[in-house]
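Numbering (my numbering), first residue to last: 3 to 279. No residue lacks a Cβ here, since even glycine has one placed at the ideal position from N, Cα and C. This report concerns only the one structure given below.
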Amino acid sequence: MFTFLFDDVGIPQDYRHMEGFGVNTYTLISKARKVHYVKFHWKPTCGLETTLNGNFFIQTMDPDHGDKFDFDPLDVTKTWPEDILPLQPVGRLVLNKNIDNFFAENEQLAFCPTIVVPGIYYSDDKLLQTRIFSYADAQRHRIGPNYLQLPANAPKCIYHNSHHDGSTNFMHRDEEVNYFPSRFDPVREAKKYPISSNVLMGKREKCIIEEENNFKQPGERYRCWAQDRQDRFISRWVEALSDPRLTHEIRSIWISYWSQADESLGQKIGKHLNMNI
Ligand code: HEM
């Protein structure tokens with residue numbers, strides 16, 4: 003993350019030049035129930051003055067191949083090598099309109115990583131797992147229990163749920179049945195669509211991620227940059243670590259991290275800070 007943040011990509015000129023990719027891993031599932039891990043990528047094309055155009059790519063990985071890498075593919079601090087898992091173009095996004103009303107369409111908007119369309123599902127990415135149950139609770143608190151009735155958040159398709167009343171309810175409901183199934187309510191189960199399932203062997207445990215391998219990718223990223231880009235990266239780190247509030251110990255820890263990523267990188271930052279390594 004810090005190799006992105008302190009690199010040129012971490013300080014984009016404006017939104018039209020900002021690339022992005024999903025930190026979390028989702029899954030794609032076909033009608034035949036074949037599952038692939040997926041990461042989403044966005045690359046702006048900077049085509050037109052007034053619109054934000056971007057190409058939309060995916061990287062996919064067969065979950066059975068997850069063990070082939072020297073890092074855990076579901077570890078959010080790792081990127082997937084694009085030479086082995088190439089970016090596949092899947093579409094284009096055109097952002098050509100600003101919102102009209104800041105409160106209705108921005109302040110009261112509720113984004114949530116839980117809401118996915120058929121064909122996309124979650125993975126065992128543990129950061130994603132914590133996100134999928136936390137956003138909606140925060141939104142009920144922030145906006146109100148009926149936040150999904152607001153036009154900015156309401157589904158655009160026909161749907162049914164058993165929610166009744168609560169503050170800021172503006173749906174007229176006079177039927178008494180708020181449970182399912184019921185002989186008094188003709189509603190039926192929605193059409194099923196495939197979701198990914200895993201056959202689990204052994205124990206499912208809460209444990210630290212094996213194969214952390216935290217320094218290989220940052221070192222490789224740094225080494226693939228041209229000299230001037232490396233120099234900009236170094237000078238941003240020197241500036242950040244020159245903050246007088248930082249202790250000698252904290253500076254040493256950061257230099258040790260960068261030395262583990264790339265020995266010469268740690269030495270250069272240390273030299274600028276007059277630190278003995
Ligand atoms: C890669 C890690 C994460 C990213 C990129 C991320 C991104 C975001 C963004 C962009 C928002 C602002 C949404 C908005 O204002 O519309 C947000 C809000 C929020 N995030 Fe995360 N988040 C991450 C991790 C987490 C984790 C681990 C948790 C909890 C375990 C969490 C819980 C929340 C909650 C509760 C909100 C407020 C939701 C709301 O009131 O609308 N996030 N996150």
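For this session: Say whether the region 82-102 touches the region 124-139, bearing in mind that this needs 3 or more beta-carbon pairs closer than 8 Å, one atom from each stretch.
Result: Segments in contact, no.
For this session: Find the nearest neighbour of H43 within the set Q269, K36, E21, T29, judged by alpha-carbon distance.
Result: Nearest option by C-alpha distance: E21.
For this session: Name the one or two DSSP bridge partners that N55 has.
Result: Answer is V96.
Exercise. Under 7 Å from any heavy atom of the ligand HEM, does the C-beta of N26 make it?
Worked result: True, at least one ligand heavy atom lies under 7 Å from that Cβ.
For this session: Name the one or two DSSP bridge partners that F42 has.
Result: According to DSSP, F42 bridges with I60.
For this session: To the nearest angstrom, report how far apart C114 and I134 are at their CA atoms.
Result: Their Cα atoms are separated by approximately 7 Å.
Exercise. Taking the runs of the beta strand (DSSP E) that are 3 residues or longer, which of them lie wholly in the region 65-152?
Worked result: Counting whole runs of 3 or more residues, the region 65-152 contains the beta strand (DSSP E) stretches 90-97, 122-124.
Exercise. Is the region 62-74 close to the region 204-221, with three or more CB pairs under 8 Å?
Worked result: Judged by Cβ distances under 8 Å, the region 62-74 makes contact with the region 204-221, as three or more pairs qualify.
Exercise. In whole angstroms, what separates the C-alpha of P147 from that of I60?
Worked result: A straight line joining the alpha-carbon of P147 with that of I60 spans about 35 Å.
For this session: Closer than 7 Å by C-beta to R175: which residues in its own chain qualify, once you throw out the five before and the five after it? Chain order, please.
Result: Cβ within range, chain order: H166.
Exercise. Any heavy atom of the ligand HEM within a distance shorter than 7 Å of the CB on Y137?
Worked result: Checking the 7 Å criterion, the Cβ of Y137 is within range of a heavy atom belonging to the ligand HEM.
For this session: Within 10 angstroms of the Cβ of Q141, are there 16 or more other Cβ atoms? Answer buried if so, exposed if not.
Result: Under this definition Q141 is a buried residue.
Exercise. Looking only at DSSP bridge pairs, what is T29 linked to?
Worked result: Y39, Y123, per the DSSP bridge assignment.
For this session: Tell me whether F23 sits in a helix, a strand or coil according to DSSP, three-state version.
Result: Here F23 carries a strand assignment [DSSP, helix/strand/coil].
Exercise. Which runs of the alpha helix (DSSP H) fall wholly inside the region 174-243 and span at least 4 residues, in chain order?
Worked result: Within the region 174-243, the complete alpha helix (DSSP H) runs of at least 4 residues fall at 218-225, 229-243.
For this session: Would you mind sorting T27 into buried or exposed? The rule is 16 or more other CB atoms within 10 Å of its CB.
Result: By the 10 Å Cβ count, T27 comes out buried.
For this session: Use the C-beta contact count for G268: other C-beta atoms within 10 angstroms, 16 or more gives buried, fewer gives exposed.
Result: Residue environment for G268: buried (at least 16 other C-beta atoms within 10 angstroms of its C-beta).
For this session: May I ask you to check if the CB of A112 is nearer than 7 Å to at least one heavy atom of the ligand HEM?
Result: Yes, since a heavy atom of the ligand HEM falls inside the 7 Å radius drawn around the Cβ of A112.
Exercise. What's the C-alpha gap between S136 and V118?
Worked result: Cα to Cα, S136 sits roughly 15 Å from V118.
For this session: Tell me whether L87 is buried or exposed, calling it buried when 16 or more other Cβ atoms sit within 10 Å of its Cβ.
Result: Classification for L87: buried.
Problem set entry | Nearest-angstrom Cα separation, counted from N55 out to L243 | The straight-line gap separating the alpha-carbon atoms of L243 and N55 is approximately 37 Å.
For this session: Tell me, to the nearest whole angstrom, how far the beta carbon of M277 is from that of S261; I am working on the premise that it is less than 8 Å.
Result: Actually they are not in contact, since the Cβ atoms of M277 and S261 sit about 11 Å apart, beyond 8 Å.
Exercise. Hey, would you say the C-beta of A141 is under 7 Å away from at least one heavy atom of the ligand HEM?
Worked result: It is worth fixing the name first, because residue 141 is Gln in this sequence and not Ala. Result yes, Cβ under 7 Å from the ligand HEM.
Exercise. Helix, strand or coil for G272 per DSSP?
Worked result: In the three-state DSSP reduction, G272 falls in the helix class (H, G or I).
Exercise. From M173 to Q151, what does the alpha carbon distance come to, in whole angstroms?
Worked result: Whole-angstrom Cα-Cα distance: 8 Å.
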